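Written below as structure tokens is the structure these notes are about.
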Amino acid sequence: MPDFGYRLSLVEHDIWSDADLQGQGTLLDPINVIFTHTESIECREDCPEVLHELQKSLLEELPYNFLIAGDCQAFEACGWQYTSNFSRELPGNSSLVMAFVGNFSRKAPSICQLKTAQALILESLKRRKLQPEYELYVEGSNTEALQQELSQWPHYAGHQKTK
């Protein structure tokens, strides 16, 4: 993926979340990038508050490696170190799961969210936390607009509905 000159603003887990990551499995040499959405309200400011509300509703850590918010920042959830518990159908220890904060069934994420996602993939490659021959998927129900947008990206391999 080419460097589009977009800088990644990454908010580390300990800065925005009080959730304990102990007991999470270790992420091993990811070959897949899975995109989904939180199906929640979007945020352009006060994104940590929106993420805290999502955590409260789940009563645990959010089931993603990273969240991409409308304020053009990426928020670390499980990060590059731990597996996501997003879906039992996924090979969790070989997939990076990235969720756009908001509901993107009818409209695509904002340009800044899409550029942040691209910058996050590029950073994952630079840090050698993602294999260069990775495959990109959109997973989940009600992801039509998200799927349509990401189907144009390099490495796009398909869509899968979660059960």
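Residue numbers (numbering that gives the first Met the number 0): 0 to 162. Ideal Cβ positions, reconstructed from N, Cα and C, are used throughout, including at glycine. Since we're looking at a predicted model, the values are computed, not measured.
- Just measuring C-alpha positions, the residue of ILE40, ALA116, THR35, GLN72 sitting nearest PRO153 is ALA116.
- If you draw a straight line from the Cα of LEU135 to the Cα of HIS158, it comes to about 9 Å.
- Residue state for VAL49 is assigned as helix, using DSSP reduced to three classes.
- ILE14: member of the alpha helix (DSSP H) spanning 12-15, first to last residue.
- Here SER8 carries a coil assignment [DSSP, helix/strand/coil].
- One thing to note: HIS36 has its Cβ within 7 Å of the Cβ of LEU145.
- Around the C-beta of ASP70, 16 or more other C-beta atoms lie within 10 Å, and the residue is accordingly described as buried.
- Short of 7 Å from the beta carbon of GLU122, and not among the five residues preceding or following it, lie these beta carbons of its own chain, in chain order: LEU7.
- Beta-carbon to beta-carbon, VAL10 and GLN54 are separated by about 14 Å, too far to satisfy the 8 Å threshold.
- For THR35, the uninterrupted beta strand (DSSP E) segment begins and ends at 31-36.
- In the DSSP assignment, ILE67 falls within the beta strand (DSSP E) that extends over 65-67.
- Between CYS77 and PHE103, the alpha-carbon positions lie close to 22 Å from each other.
- When the alpha-carbon of GLN151 is set against those of ASN141, GLU132, ALA107, LYS128, the nearest one is in ALA107.
- Boundaries of the alpha helix (DSSP H) around GLU122: 110-125.
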